Structures are given as structure tokens and as C-alpha cells.
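The structure under discussion appears below in the form of C-alpha cells.
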Amino acid sequence: MTQYRVNGVVTFLSGDASHAAYARVRDDIELFTGRVRELSIRLEALESQLRSTKGSARRPLRQEAGATRQALQMTRKQVAKARGKLSSIQRARMIAAKQRPVQEKPHQTSAIFPPSSDPLHELEREHYDGKAGGQHGAVSGPTIPG
């Protein structure tokens, strides 16, 4: 379960829902970015028309340019908000990934030596079998009769 915060609201998502939310927000960003591009082009065209227009014909162009500027500003805010959501989801996914329990892996010997000829493995076997290094737990030296 992934938890993320957007504008102070904590949301919990399962893995699949997290992927779906991420894809949805990414699509929103693409949509808003395309809209910003369109509005920018439209505003540039209106400003060009304003420069070449004289007299009372400028008034509707000025009003339309103002409305386009406002729409552009609002759309840029939507892009910023969506990017914030996206980074929040990414951050939550990273935190969730770090909190997952680590599965234990079976013991692996070194890749250089096959298991039968691994020198460390041989030393361990000798140590635990008692073949080399004497008896474990035995005290060397003379025994004191009791």
C-alpha cells in the first residue's frame, strides 16, 4: 500500500492503483503542456495583430489577449500542480519500495570457485567437522586429577 500526500491530503494506493494514478497524472501533464503550447502560440498571434492594428479594432483583440494570458497562467499552474502530484507519487513509491521486507536469499558461494572447490567452504567444513584445529572446547595442557 503506497501512501502519498497532495496538498496536505494523504492518499493510500495499492501497487496497481499507484501505477494507474501515475499514468493518469503523466497524461494530464502532457495534456496541459500541449494546451500551454497552443495558448502561447495564440497569444503571440494576438500580440502580433495588436501591433499591426490601429484604432477601435484593438479593443476586442486586447480583451482576447488578456483572456488568453489568464488562461495561459491558469494552465501553467495546472502543469505545476500535476508535476507536484507526480513527484509526490514517485517519492511515495520509493519510500514504499524501501519499506518492503527483504526476502532472504539462499547462501551463495563465490562465483570464482564452484561449491566443491571453494577454499573458504573447505576451511569451514574442516572447522565444524573437527578435522583441523583440534577438538572444539578442549583445553590444551596437563589435566589435573580430581
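Here the sequence shown is numbered in the UniProt record's numbering, starting from 1 and rising by one per residue.
No residue lacks a Cβ here, since even glycine has one placed at the ideal position from N, Cα and C.
Just so you know, these numbers come straight off a predicted model, no measurement behind them.
Taking all protein chains shown into account, decide if Ile95 is buried (16 or more other Cβ within 10 angstroms of its Cβ) or exposed.
In the sequence shown, counting from the first residue as 1, residue 95 sits at position 95. Counting Cβ neighbours within 10 Å, Ile95 comes out exposed, since fewer than 16 surround it.
Should Ile41 be labelled buried (16 or more other beta-carbon atoms within 10 Å of its own) or exposed?
Position 41 of the sequence shown, counting from 1, holds the residue named residue 41. Exposed, by the Cβ-count rule.
Out of curiosity, what's the CA-to-CA distance linking His19 and Glu64?
The residue given as residue 19 occupies position 19 in the sequence shown. The residue given as residue 64 occupies position 64 in the sequence shown. Between His19 and Glu64, the C-alpha separation is close to 40 Å.
Among Arg24, Ala21, Leu39 and Lys98, nearest to Met74 - alpha-carbon criterion:
Reading the sequence shown from its first residue, position 74 is the one you call residue 74. Comparing Cα-Cα distances from Met74 to each of Arg24, Ala21, Leu39 and Lys98, the minimum goes to Leu39.
Compare the C-alpha of Ile29 against each of Arg76, Thr53, Leu46 and Arg69 and name the closest.
Here residue 29 corresponds to residue number 29 of the sequence shown, with the count starting at 1. If we check each option's Cα against that of Ile29, Arg76 comes out closest.
Quick check: the Cα distance between Lys81 and Ala71, rounded to an integer number of angstroms?
The residue you call residue 81 lines up with position 81 of the sequence shown. The residue you call residue 71 lines up with position 71 of the sequence shown. Taking the straight line from one Cα to the other gives about 15 Å.
In whole angstroms, give me the CA-to-CA distance for Ala92 and Val79.
One-based indexing of the sequence shown puts residue 92 at position 92. One-based indexing of the sequence shown puts residue 79 at position 79. So the alpha carbons of these two residues sit roughly 20 Å apart.
Beta-carbon proximity list for Glu47, same chain, < 7 Å, skipping 5 on both sides
Here residue 47 corresponds to residue number 47 of the sequence shown, with the count starting at 1. For Glu47, where only same-chain residues beyond five positions count, the Cβ hits under 7 Å are Ala65.
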